[in-house]
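Here's the structure we're looking at; comments come further down.
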Amino acid sequence: MRAATRDGGAGDLHVLQEELKKLGISVVSGRQDTVISVKVKGLAGRALIRGLRLADQLLQEKIKHAIKTCTDPATKLFTDPTFGPSSNDPDGAAAMCKAGSTAPSKGGSQHQAKVLGLLQRGKLRWERPIYAADNEEVENSPQGGDEDDIYAMTSSDNVFASNATLFADGVSSGDVIQGNLGDCWFLSALSVVATRSDLLEQTFWRKDQHKSKGLFVCKFMKNFVWNYVLIDDRLPVFGFSDKKAGKPYFARCRNPDELWPPVTSSKDVAVESSAGNGLYFKHAYALVDAAEIKTGKGEYVRLVKLRNPWGMGEWTGPWSDSSDERAGNEDAIEKFFKILKRKVGANAEKRVFMTLNVQGKVGADEISQEEVIEINANDGTFFMSFDAWMQSFTHFFAGIGMLRARIFASLSQEDPRGSENLKIVPVGFHICSLSQVVNEASKFEIREPAKKLDAYYRLYKPADRESFQTGKRPENLPPAIIPGTVIAGIDNDGVPQPAYTFKQAVS
327 MRAATRDGGA GDLHVLQEEL KKLGISVVSG RQDTVISVKV KGLAGRALIR
377 GLRLADQLLQ EKIKHAIKTC TDPATKLFTD PTFGPSSNDP DGAAAMCKAG
427 STAPSKGGSQ HQAKVLGLLQ RGKLRWERPI YAADNEEVEN SPQGGDEDDI
477 YAMTSSDNVF ASNATLFADG VSSGDVIQGN LGDCWFLSAL SVVATRSDLL
527 EQTFWRKDQH KSKGLFVCKF MKNFVWNYVL IDDRLPVFGF SDKKAGKPYF
577 ARCRNPDELW PPVTSSKDVA VESSAGNGLY FKHAYALVDA AEIKTGKGEY
627 VRLVKLRNPW GMGEWTGPWS DSSDERAGNE DAIEKFFKIL KRKVGANAEK
677 RVFMTLNVQG KVGADEISQE EVIEINANDG TFFMSFDAWM QSFTHFFAGI
727 GMLRARIFAS LSQEDPRGSE NLKIVPVGFH ICSLSQVVNE ASKFEIREPA
777 KKLDAYYRLY KPADRESFQT GKRPENLPPA IIPGTVIAGI DNDGVPQPAY
827 TFKQAVS
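Going by our numbering, the sequence shown opens with residue 327, and the numbers climb by one from there.
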């Protein structure tokens, strides 16, 4: 049965999506279809191959639709509606600074101030590359591209890449050069991938098939979901003059005509952008301390003390180092924040105080140390109100002390040794609570948790079944391994699933 015809209509997309849904593949599109996410779950063998082919066909249809919708009539080239210059933002400031063309306040983002300054002085502009002539690619382009399309951006101005190509004479980890964006984490990973040209080339879906339309499609995996990102070839460029070509403001390649480093990194610009209040998007700050202070006006205010691990870049709002609130309440802040206290448990007592007492017991439940409290607008340490902290941050990670517990961990897999039909396969890892049976010191009871997953691994050896059905097993110590197999028909997708072991799951 054919899943769709080739005219690219909305009906075809619907049919393809329904076919994929039946196979367990979900496809979600972002704004304007410029980000397409494909999640494949529980497929193997022929079903997986069929699913991937249908997903690839759906991608082609969605990309054709995006090209048709987002092509600039003047240049006949794809223009990303979510990134770069637009009618509402001709300089593309919003793509490089989260606050757009709004000038940062005193002490605000240095990156934003620098970018806006370059834009205002005409020292930063967006350019498209001029591609190297490749008659064979032009003739074989499935989009029917022609040479006029490829050179549509040609002008009298010097461009950063006048003989551009996606890859030139192989790739190397030394090709990647960091620019003015703090994305060393991304570029470091990209350099490692560049040691495998086969993997790097797979990052570009269909390689440079759509360059005649000014478009590349990059493929990234995040949280086990494939994300296909449509990227136009407009890049911010600086350092140019009437006689000199510029270079990409962000990541670039050692060969100025090679595009894979600047194209892959261009979408990460927004990550670096500041919110205009000194805080950086998707950046982790340490929560050092928190306290409620009494201000000089007699008001009670809850404050948090934060640390930017960069050692620079601070909050510039109320209670920041340069604020009136901080200047007028320095004594109150020092009173509550100068002595830093930390709660400790039994293990910490033994570890920390061992030098004070051979037994490691001093009867203390907290550790105190003095902290330096000073105003330094660029040391990375700052205060802000608790309410402002709640509004500005999206995630909070805390190390919570865990109560002591006894657990029984088992690996369920039948021993394949001595058998011709069995082999080692991925198995689930089961964790159950374990408690000693009252008045029976040699017996333990396996208890199921309040919220449990479906039990996939149920077939145990006959000799073990009676013990697990009652939940009791007479022995000095719990068994280290429970041999078992997977029920046929439940895990046929080939994906091992973790599950809990329950006494009622044994039959």
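Glycine included, each C-beta is placed from N, C-alpha and C at the ideal position.
As the structure is a prediction and not an experimental result, all values here were calculated from the model.
- The Cβ atoms of A420 and I456 do not sit closer than 8 Å to each other.
- In this chain, the alpha helix (DSSP H) harbouring L526 covers 523-528.
- For D647, the closest C-alpha among the options S711, C510, I351 is that of S711.
- With fewer than 16 other Cβ atoms inside 10 Å of its own Cβ, M547 counts as exposed.
- Per DSSP, the beta bridge partners of E618 are R628.
- Rounded to whole angstroms, S517 and N484 show a C-alpha spacing of 28 Å.
- In the structure shown, C423 adopts coil according to DSSP, grouped into three states.
- Beta-bridge annotation (DSSP): A490 is paired with Y457.
- Going by beta carbons, R628 and A612 fall outside the 8 Å limit.
- According to DSSP, residue pairing for K545 in a beta bridge involves Y554.
- Judged by DSSP secondary structure, K569 falls outside any alpha helix (DSSP H); it is assigned neither H nor E.
- Non-local C-beta neighbours of T521 in its own chain, meaning closer than 7 Å and more than five positions away in sequence, comprise S499, ordered along the chain.
- Between the alpha carbons of E618 and L445 lies a distance of about 43 Å.
- Per DSSP, T360 lies in no beta strand (DSSP E) and is assigned neither H nor E.
- With contacts defined as CB atoms closer than 8 Å, R580 and D501 qualify as a contacting pair.
- Minimum Cα-Cα distance from G565 among the listed residues V555, F576, F709, L556 corresponds to F576.
- By the C-beta criterion, the segment 364-379 is judged not to be in contact with the segment 556-573, since fewer than 3 inter-stretch pairs fall below 8 Å.
- For F709, the uninterrupted beta strand (DSSP E) segment begins and ends at 707-711.
- Annotation for V353: the continuous beta strand (DSSP E) segment containing it runs 351-355.
- Excluding the 5 residues flanking it on each side, I503 has same chain C-beta neighbours closer than 8 Å at A577, R578, C579, R580, P587, in chain order.
- Its Cα nearest to that of F530, the residue K545 stands out among A381, K539, K545.
- In this structure, G643 lies away from Y606, with their beta-carbon atoms at least 8 Å apart.
- Taking a C-beta distance under 8 Å as the contact criterion, D509 and S591 qualify as a contact pair.
- With at least 16 other beta carbons inside 10 angstroms of its own, R454 counts as buried.
- Out of A458, A459, K440, the CA that lies nearest to the CA of L450 is found in K440.
- The Cβ atoms of I393 and L541 sit closer than 8 Å to each other.
- It is roughly 26 Å from the alpha-carbon of L507 to the alpha-carbon of V551.
- Rounded to whole angstroms, S514 and W452 show a C-alpha spacing of 25 Å.
- Between T491 and A458, the gap from beta carbon to beta carbon is short of 8 Å.
- With fewer than 16 other Cβ atoms inside 10 Å of its own Cβ, E656 counts as exposed.
- Here P574 is buried, its C-beta having at least 16 other C-beta atoms within 10 Å.
- If you look at F662, you'll find it in the alpha helix (DSSP H) that goes 656-663.
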